[in-house]
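J.:
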Amino acid sequence: MHQALLGIEYAFRNSRYSVIPNGFQVIPMASIQYAYLHINDFKEKGNPLHAMKISKQNVKSLRSNLGVRFDYTWKNSDIEFSPAVNLGWQREFLDKKYTLDFTPLTFQEFGFSVKLPRSGRNIALAGIDLLLTLFDRHGLEAGYDFEYNSLYHTHFVYMSYNVRF
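Counting the sequence shown from 1 gives a position; the numbering used here is that position plus 7.
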């Protein structure tokens, strides 16, 4: 798989713009991503009645992403809490239907194809991120991301712990 990502962000905050409350940031984001995936053909090994031959395939994706991130940081002597909200829109330009070709090794005259649906051209993105930093060294982070389009919705929940050295 080959992938390239180019993006830009700019933070509007109180240190630069006095109308924005201290600790609050508005961050517009834009990016473009290209991905190319190549899979060689292969034959499964094992039970000959269930083994399949998979044909080679190539998949390409070109996506743009426009969005904004809002975050606010509350600071205490040893505790920092930063909730954030992300909103975005993703556009897929190389959206195609793909077929995956299978051929049973035992009964090669009974090959078949499975049509894979398009991933969707327009995708709405939203997310919430909560970061708690203790003693300016230990971080606990939890978040939720959501993707929606006419073909599917995706929910992704994550948690992490980090240490600053």
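Glycine is no exception: its CB is placed at the ideal position from the N, C-alpha and C atoms.
(1) Which first and last residues belong to the beta strand (DSSP E) in which P90 is found?
(2) Where N169 and F88 are concerned, what is the direct C-alpha to C-alpha distance, given to the nearest angstrom?
(3) From the DSSP output, in three-state form, read off I27 for me.
(4) Could you compute how far the alpha carbon of M166 sits from the alpha carbon of E148?
(5) Bridge partners for D143 per DSSP, in chain order?
(6) By DSSP's criteria, Y155 is part of a beta bridge. Which residues make up the other side?
(7) Using only CA atoms, which one of G95, R144, G146 and L141 lies nearest to N156?
(8) Is the segment 45-52 touching the segment 17-26, taking contact as three or more C-beta pairs under 8 Å?
(9) Using the three-state DSSP reduction, which class does M173 fall into: helix, strand or coil?
(10) According to DSSP, simplified to helix, strand and coil, what is R20?
(11) Looking at the structure shown, is S62 part of a helix, part of a strand, or coil, going by DSSP?
(12) To which residues of the same chain is N21 closer than 6 Å at the C-beta, ignoring the five residues directly before and after it?
(13) Looking at Y151 and the ligand ZN, is the gap between the Cβ and the nearest heavy atom below 6 Å?
(14) Give the straight-line distance between the Cα atoms of R70 and R98, rounded to the nearest whole angstrom.
(15) Comparing alpha-carbon positions, which option in H9, L158, F163 and I34 lies nearest V92?
T.: Reading it off the structure:
(1) Walking along the sequence shown from the start, residue 90 turns up at place 83. Taken as a continuous stretch (DSSP letters only), the beta strand (DSSP E) holding P90 covers I86 to E99.
(2) Mapped onto the sequence shown, residue 169 falls at position 162. Mapped onto the sequence shown, residue 88 falls at position 81. Their backbone Cα atoms lie some 14 Å apart in a straight line.
(3) Looking up residue 27 in the sequence shown gives position 20. I27 falls in the coil class under three-state DSSP.
(4) Within the sequence shown, numbered from 1, the residue matching residue 166 stands at position 159. Within the sequence shown, numbered from 1, the residue matching residue 148 stands at position 141. The alpha-carbon atoms of M166 and E148 are separated by roughly 5 Å.
(5) Counting from 1 along the sequence shown, the entry for residue 143 is found at position 136. According to DSSP, which records beta bridges pairwise, D143 is partnered with nothing at all.
(6) The count along the sequence shown starts at 1 and reaches residue 155 at position 148. DSSP output for Y155 lists A131 and H160 as bridge partner(s).
(7) As a working note, residue 156 is residue 149 in the sequence shown. Residue G95 is the option with its Cα nearest to N156.
(8) no
(9) Since the displayed the chain opens at 8 and closes at 172, residue 173 lies outside it and no answer follows.
(10) The residue you call residue 20 lines up with position 13 of the sequence shown. Three-state result, R20: strand.
(11) For the purposes of this step, residue 62 is taken as residue 55 along the sequence shown, with counting starting at 1. Assigned with DSSP and collapsed to three states, S62 falls in coil, not helix or strand.
(12) On the sequence shown, position 14 is the one that residue 21 refers to. So the qualifying residues of the chain are I27 and N29.
(13) Annotation note on the ligand ZN: not contained in the displayed structure, which lists no ligands.
(14) Within the sequence shown, numbered from 1, the residue matching residue 70 stands at position 63. Within the sequence shown, numbered from 1, the residue matching residue 98 stands at position 91. In a straight line, the C-alpha of R70 is about 5 Å away from that of R98.
(15) Numbered from its first residue, the sequence shown carries residue 92 at position 85. For V92, the nearest C-alpha among the options comes from I34.
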